[in-house]
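2 protein chains.
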Amino acid sequence: MTIQRVLMGPGPSDVPAEVLAALARPTIGHLDPEFLRVLDETQGMLRQVFGTKSALTLPISATGSAGMETCFVNLLEPGDHALICRHGVFGGRMAEVARRAGAEVTLVEAPWGRPIDPDDVAAAAQKRAFKVLAVVHAETSTGVLQDLSPFRAIADSCGALLLVDAVTSLAGVPVNVDDMGIDAIYSGTQKCLSCPPGLSPISFSERARDALAARATPVQSWYLDLTLIGQYFGGERVYHHTAPVNMIFALHEALRLVLSEGLENRYTRHRTQAEALYQGLEALGLELVVEPPARLPPLTLVRIPDGVDDVTVRKKLLTEHDLEIGGGLGDFKGKAWRIGLMGASATPKHVELCLSALADALS
Amino acid sequence: MTIQRVLMGPGPSDVPAEVLAALARPTIGHLDPEFLRVLDETQGMLRQVFGTKSALTLPISATGSAGMETCFVNLLEPGDHALICRHGVFGGRMAEVARRAGAEVTLVEAPWGRPIDPDDVAAAAQKRAFKVLAVVHAETSTGVLQDLSPFRAIADSCGALLLVDAVTSLAGVPVNVDDMGIDAIYSGTQKCLSCPPGLSPISFSERARDALAARATPVQSWYLDLTLIGQYFGGERVYHHTAPVNMIFALHEALRLVLSEGLENRYTRHRTQAEALYQGLEALGLELVVEPPARLPPLTLVRIPDGVDDVTVRKKLLTEHDLEIGGGLGDFKGKAWRIGLMGASATPKHVELCLSALADALS
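Protein chains in written order, with our numbering: chain A, 1 to 363; chain B, 364 to 726.
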């Protein structure tokens, strides 16, 4: 039995038929010249989408949270200090991952639903040197888009590498890795790339690669050791683990579709559809959680009205409209819905369906 | 351009059309009731294939080497002692992963192409207590099948948990986790399960779960923390990471095919086809690396004859016959070929094709 849904939660988003077809191509070997060609092209397209020329740009063979862990465990050694911005679940997860890597963590926080105040980060950065400054670009738990532009200067002020979570921003809002001076960045495939979940694209700058090369201790994870992984992705093709061949086929096709639409067109489409959604939700009398300047086009948080039961409404959307929206996470559990307009799910039809289904469910 | 190959290397193996079709089912949410049903069934079928009743039996969202790391980092804490058997690349990898988890490693070794002598392990086990005794059931680098039957008693003699690598054995040769008293085991999807690479089925015994619960330190990997992962797979469905939905669809179908064939029938098929391959290879004047009692039916190592160039022959097989066989790994690089008869690739047609293509390439 095949179930089909309209995916407007926090990910996965709708996956285009072309991507599913690529996913189902006959499996071939991970050292087959044809597969290596696809892998090289995938890396090349990832560089374009990230906005970087860095050679160490590749998909980690696991989901977005493993991409997060890859960035932290390759850059941090026991005793290193990390300055981490937390304004939602994923900032908190970064802190937890950094601590498990043996780092001393200093937190800068903002209330849920609001961006981090760069002045707070700058103040913390004055107090000591840090190995890493980490911030979430698009908080999937709150729907907040963080303006990254002040962060490079702050990182420089405390000697830190700049590490960014772009899980829900990549290919949905501008992510210009080289221009922003980002040293380490990770994303997921199942958000604005509209590929099934299972891979985590990452990129390391030259400065981050130097830090990796200068480590005194081995990376605690063998599976996520970027020096070893880079020997397979580079020219040497040294066996590390068996690449997830079919998922790479799918990512290759998803990236091709992104670039054939054009990044600027894609960002505009996400913004336009998000604005239509904001208007429609407000016309239904619903309240948006995030103030306009910090709203994240691919993911909108809506307060659940008093007296409305979260689970009942989402169940009705799923069973009567085959429509998935997301429940709240962390502080917002039971208090907000998360409506995704990501990649192939950011269309006028999706906005209309969501608004009419919500109107029906709330009537 | 879609390339189709016949996969007779060390994995991936040929993937049946039904599995590719399941892989390409429309993506749905990782908390969708329909997906959770598929996930529950997948765990149930994995238990049958592993031969265990353990609740903590599930696919890790990454490839087989991440399954290895999952077993070690959840069971070992810094300063713990591990007794590790090394008779090929993957035993060596286990030692490396254990060291990166902070463990003190004692090695028991055997020459490449020969099994570990249980008497050597028993002798090492007399010298001190160990937290973990680890052994590779099917060495993918040497084609050796290790008889596991003496290992439970040896583990008991030194108070160790028994940890087994079943990457190339699961669903190809008998793996009876509960009967053998195995505490932690991992495999990969792209070998005898004939599913694309990308997931690592694992299982933890009650004793291993107790050891996990009794840890004094956090598991160093957040992504591979089985306590957190178990909260999503168990009844609570606590969000940990986004499950690789489509890969789970594929694994579900692959397991269904395995069980519909029947495990005993499947083991017999692997053994029968391997015997036909041995005869054919010897008839071509080729020499097998492993002596009969320790031969691993799913993977056969053949010495490359003097004067024959490894890469030239494999390139000819690939370009003229669309046939992939594996090169040697580690000590056997350039000295042996690895011919896989795994899952859907263990058929008389595969044996015939391989023998005729090799005869042609060597003539």
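Note that the Cβ used here is the ideal one computed from N, Cα and C, for glycine as well.
Under 9 Å from the C-beta of residue i: neighbouring residues of chain B
i: A/Q220; result: V436, R463, A464, G465, Q583 and S584
i: A/Y239; result: V452 and L692
i: A/I28; result: I366, Q367, R368, L370, P375 and E687
Cutoff 9 Å: residue i Cβ touching any chain B Cβ
i: A/G198; result: yes
i: A/H81; result: no
i: A/R93; result: yes
i: A/L23; result: yes
i: A/A250; result: yes
Span separating the alpha-carbon of residue i from that of residue j
i: A/V164; j: B/Q509; result: 46 Å
i: B/L692; j: A/E236; result: 15 Å
i: A/R100; j: B/W585; result: 7 Å
i: B/V471; j: B/H633; result: 29 Å
i: A/P197; j: A/A62; result: 9 Å
i: B/T635; j: A/S169; result: 53 Å
i: B/L421; j: B/L439; result: 20 Å
i: B/G392; j: B/T365; result: 29 Å
i: B/V676; j: B/K698; result: 13 Å
i: B/H713; j: B/N609; result: 28 Å
i: B/L686; j: B/L402; result: 34 Å
i: A/F72; j: A/T347; result: 35 Å
i: A/T70; j: A/R93; result: 13 Å
i: B/T469; j: B/I447; result: 6 Å
i: B/S726; j: B/S719; result: 11 Å
i: B/L524; j: B/L589; result: 16 Å
i: B/R491; j: B/C521; result: 7 Å
i: A/D119; j: A/S149; result: 13 Å
i: B/H450; j: A/D331; result: 51 Å
Listed by chain order, chain A residues near residue i by CB distance under 7 Å
i: B/E381; result: Simply none; closest approach about 11 Å.
i: B/T426; result: S61, H241, T242 and P244
is_contact[residue i, chain A] using C-beta, thresh 9 Å
i: B/R658; result: no
i: B/D395; result: yes
i: B/A429; result: yes
i: B/M408; result: no
i: B/L681; result: yes
Listed by chain order, chain B residues near residue i by CB distance under 7 Å
i: A/G334; result: The contacting residues do not exist; A/G334 stays about 14 Å from chain B at best.
Interface residues of chain B facing residue i [CB-CB closer than 8 Å]
i: A/G188; result: T605
Interface residues of chain A facing residue i [CB-CB closer than 9 Å]
i: B/E459; result: P218 and W222
i: B/V378; result: P26, T27 and N246
i: B/E432; result: S221, W222, Y223 and L224
Neighbour-count burial assignment, residue i, 16 or more Cβ in a 10 Å radius
i: B/G361; result: Residue 361 of chain B lies beyond the stretch modelled for chain B, which goes from 364 to 726, so this question has no answer here.
i: B/A576; result: exposed
i: A/Q220; result: buried
i: A/V308; result: exposed
i: A/K191; result: buried
i: A/A138; result: buried
i: A/G44; result: exposed
i: B/V674; result: exposed
i: B/A657; result: buried
i: A/D14; result: buried
i: B/K696; result: exposed
Segments of 3+ residues assigned as beta strand (DSSP E) that fall wholly inside the stretch 276 to 348 of chain A: Taken in chain order, the complete beta strand (DSSP E) segments of 3 or more residues contained in the stretch 276 to 348 of chain A are 299 to 303, 323 to 325 and 336 to 340.
At 4 residues or longer, and completely inside the stretch 406 to 463 of chain B: list those alpha helix (DSSP H) runs for me, N to C. Runs of the alpha helix (DSSP H) inside the stretch 406 to 463 of chain B: 427 to 438 and 452 to 463.
Only counting runs of 3 or more residues, tell me where the beta strand (DSSP E) segments fall wholly within the stretch 473 to 555 of chain B, in order along the chain. 495 to 499, 524 to 528 and 547 to 549, all fully within the stretch 473 to 555 of chain B.
Inside the stretch 590 to 631 of chain B only - alpha helix (DSSP H) runs reaching at least 4 residues: List check, alpha helix (DSSP H) in window: 608 to 624.
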